[in-house]
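*Asks:* From first to last, the protein sequence lines are chains A and B. So that you can map any letter, position 112 of the first sequence is 111 in numbering that gives the first Met the number 0, and since no number is skipped, the others follow by simple counting. So that you can map any letter, position 65 of the second sequence is 64 in numbering that gives the first Met the number 0, and since no number is skipped, the others follow by simple counting. Built from N, CA and C at the ideal position, the CB exists for glycine as well. This structure is a prediction, so every number in the text was calculated from the model and none was measured.
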Amino acid sequence: MKNALVVSGGGSKGAFAVGAIEKLREKKIKFDIVAGTSTGSLIAPLVVTDEIQFLRSVYTSVRTEDIIRKRTVFDILTHDSIYDSNPLWSLINTVVNSERYQKIVNSTVEMYITTVNLQKGGIEYWNQHTSGDGGGILDRNTLLRAILASACQPVLMPNVRIKEEGNQYTDGGVRECAPLSIAVDHGATDLYSIVLSPEKREPSNETYVFIVKTFLRFLDLILTEVTENDISKAVLYNQAIVYLDKLQKKAKKMFNAAQVNELFNDPKNPNPFSGKKLLKLYLIRPSEELPTNGLEFRPFTMSQMVTMGREAAEAALNNGPLTV
Amino acid sequence: MIDNKFQEYPHNLSLKLVPFLTVVVMMLLSSCIETKFVENPSDNKIVKAMEEWPDEYYWLIKSGVSSRILGIREEGESLESAFIMVDSLMTQVKQKWSEISVIDSSEKLINYLRENKLSPIAEAIQETLTINLEQEPSGEMHYWLQANAIKDGLIGAYNEIKENTNE
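If you want it as structure tokens, here you go:
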């Protein structure tokens, strides 16, 4: 059994995830793998070091100005993004200080930070143990830049060069919002996936005139779509395993062992699900829309979202894993 | 004739202005500056203040109490009514502050709040202490620090809720 925590993107909605993680840890659930996208990547390091109360403190104390700085109209026209994310860079550096970086590197918990390479167009994961030069340990500066890149929503926040003079990277949520696949690829069997949007969405009553507001809505819709696809892939994976298992049992009644073996272990047509185990997927998500657009960080709403996350995690554990 | 000129003027102006502005915007966009992230930036003051023991413990209790009070919410309750409830509870705390501020231990503080119909706040404090004690058993020794951190957390929650009321 290998437990994985997968935290999707959503900016300040990450406070919901913090509440859910607090509840999971209170229930003594430990993680072997922690994968995050965007705000999930900001949360991941403190889950790896198991400093959940510190994580709560950070997520319920910081304000918008600790994350982004507004630019003037002239600055927007002459820069690569609408907001400056240097305050977030400073926050990441303070939280993941040298001591904490060392704890992350020494930890047996595998951390995966999801980013999108703008030049290549593909997803790139950053792991503290294997993503360094020559497949070794990732140095602190690169790890921190990967976390920053993962959290920088395109257009709103600047693209990040994770390595000096290297390619530019942006929010992993552009391609994969809930990085379940990397956890499954590394042997996770029990997945605790925290998604920051409700399953059923109410229509918005907003009028979209201001460009940033429209863009935020656009991003929100894209992230929701990407997230739903990520989840449905995991569900489909489970459905395939269950189906093949049933088929194999049926075949055993109809054919002899050699024939069954030939059917299911044909080297010419290798079974992509051979040896794969059924996933236990605990999906933790809000029952209603979270009270923020994701870019506003305010202690009251963040604290409320922590409470909502705790309740949702409790409910998800009581309901058990998703059934096929 | 005069009328015609008036009609033509804005038209002529826009004919000259639009291309001019377009050229200016294009020039600005083509000279976009890439945002730089320096190595070892200055620390975030809020997080830095949470760092060192016993300050770290103090901050964890303070922000834990504050965030748990701000997060008080009945199951299924709307954000608006949760806000009203927290606001009402904190207003009562403010009214009793002269008595609360002199209490010097967390136990007495929790008992006082329970006895004065402020149980949700007492439970939020209790929960914070229990969780932090698990992670930092020596924290119990700092009972005087706890009481001060709790009071700081109460003030933090009060200020936050009032700041939201004023907006």
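Applying a beta-carbon distance threshold of less than 8 angstroms, which residues of chain B neighbour A/Glu164?
*Replies:* The premise fails here: A/Glu164 is roughly 12 angstroms from chain B at the closest Cβ pair, so nothing lies under 8 angstroms.
*Asks:* Which stretch, first to last residue, makes up the alpha helix (DSSP H) that contains A/Leu235?
*Replies:* Taken as a continuous stretch (DSSP letters only), the alpha helix (DSSP H) holding A/Leu235 covers Ile210 to Met253.
*Asks:* Please list, in chain order, the residues of the region 139-164 of chain B that have any C-beta partner in chain A closer than 9 angstroms.
*Replies:* Of all residues in the region 139-164 of chain B, Gly155, Ala156, Glu159, Ile160, Glu162 and Asn163 have a Cβ within less than 9 angstroms of some Cβ in chain A.
*Asks:* Interface residues of chain B around A/Trp88 at Cβ under 7 angstroms?
*Replies:* Here the neighbours are Phe36 and Pro40.
*Asks:* Going by alpha carbons, who is nearest to A/Ala233 out of A/Ala19, A/Arg62, A/Met301 and A/Phe272?
*Replies:* It is A/Phe272.
*Asks:* How would you call A/Tyr236, buried or exposed, if buried means at least 16 neighbouring beta carbons within 10 angstroms?
*Replies:* Its Cβ being crowded by 16 or more others within 10 Å, A/Tyr236 is buried.
*Asks:* Are any of the Cβ atoms in chain B nearer than 7 angstroms to that of A/Asp170?
*Replies:* By this cut-off, A/Asp170 is not an interface position.
*Asks:* Looking at the strands, I want to know which residues DSSP matches up with A/Thr113.
*Replies:* For A/Thr113, which the question treats as bridged, DSSP gives the partners A/Thr36 and A/Tyr124.
*Asks:* May I ask you to check if the CB of A/Phe254 is nearer than 6 angstroms to at least one heavy atom of the ligand SAH?
*Replies:* Questions concerning the ligand SAH fall outside what the structure shown contains, since it holds no ligand whatsoever.
*Asks:* Tell me which residue opens and which closes the alpha helix (DSSP H) that A/Asn325 is part of.
*Replies:* What the structure shows of chain A is the stretch from 0 to 323, and residue 325 of chain A is not part of that stretch, so it cannot be assessed.
*Asks:* Note down the Cα distance separating A/Phe325 from A/His78, rounded to an integer number of angstroms.
*Replies:* Given a span of 0 to 323 for chain A in the structure shown, any question on residue 325 of chain A remains unanswerable.
*Asks:* Nearest CA to the CA of A/Ile240: which residue from A/Thr306, A/Pro285, A/Asn270 and A/Lys27?
*Replies:* Nearest C-alpha to A/Ile240: A/Asn270.
*Asks:* Is there contact here, the region 151-158 of chain B with the region 59-66 of chain B, by at least three beta-carbon pairs under 8 angstroms?
*Replies:* The region 151-158 of chain B, when compared against the region 59-66 of chain B, does touch it at the 8 angstroms Cβ threshold.
*Asks:* Using the Cβ count rule (16 or more neighbours within 10 Å means buried), how would you classify A/Met253?
*Replies:* With fewer than 16 other Cβ atoms within 10 Å, it is exposed.
*Asks:* Under a three-way DSSP split, which group does B/Asp103 fall into?
*Replies:* It is coil, neither helix nor strand.
*Asks:* To the nearest angstrom, report how far apart B/Glu126 and A/Leu289 are at their CA atoms.
*Replies:* Whole-angstrom Cα-Cα distance: 24 angstroms.
*Asks:* Please confirm whether B/Met89 has its beta-carbon closer than 7 angstroms to some beta-carbon of chain A.
*Replies:* Answer no: the Cβ-Cβ gap between B/Met89 and chain A never drops below 7 angstroms.
*Asks:* On a CA-only basis, which of A/Asn264, A/Pro178 and A/Pro44 is nearest A/Leu147? Give me that one, please.
*Replies:* The option with the nearest alpha carbon to A/Leu147 is A/Pro44.
*Asks:* Using only the alpha-carbon positions, how far apart do A/Asp132 and B/Gln134 sit?
*Replies:* Rounded to the nearest angstrom, the two C-alpha atoms are 36 angstroms apart.
*Asks:* Strictly below 7 angstroms CB to CB, what residues from chain A border B/Val46?
*Replies:* By Cβ distance, chain A contributes Val57, Leu90, Thr93 and Val94.
*Asks:* With a cut-off of 7 angstroms, does the C-beta of B/Leu128 fall near any C-beta of chain A?
*Replies:* Chain A contact via Cβ: absent.
*Asks:* Kindly indicate which three-state DSSP category A/Lys27 falls into: helix, strand or coil?
*Replies:* Note: A/Lys27 maps to coil in three-state DSSP.
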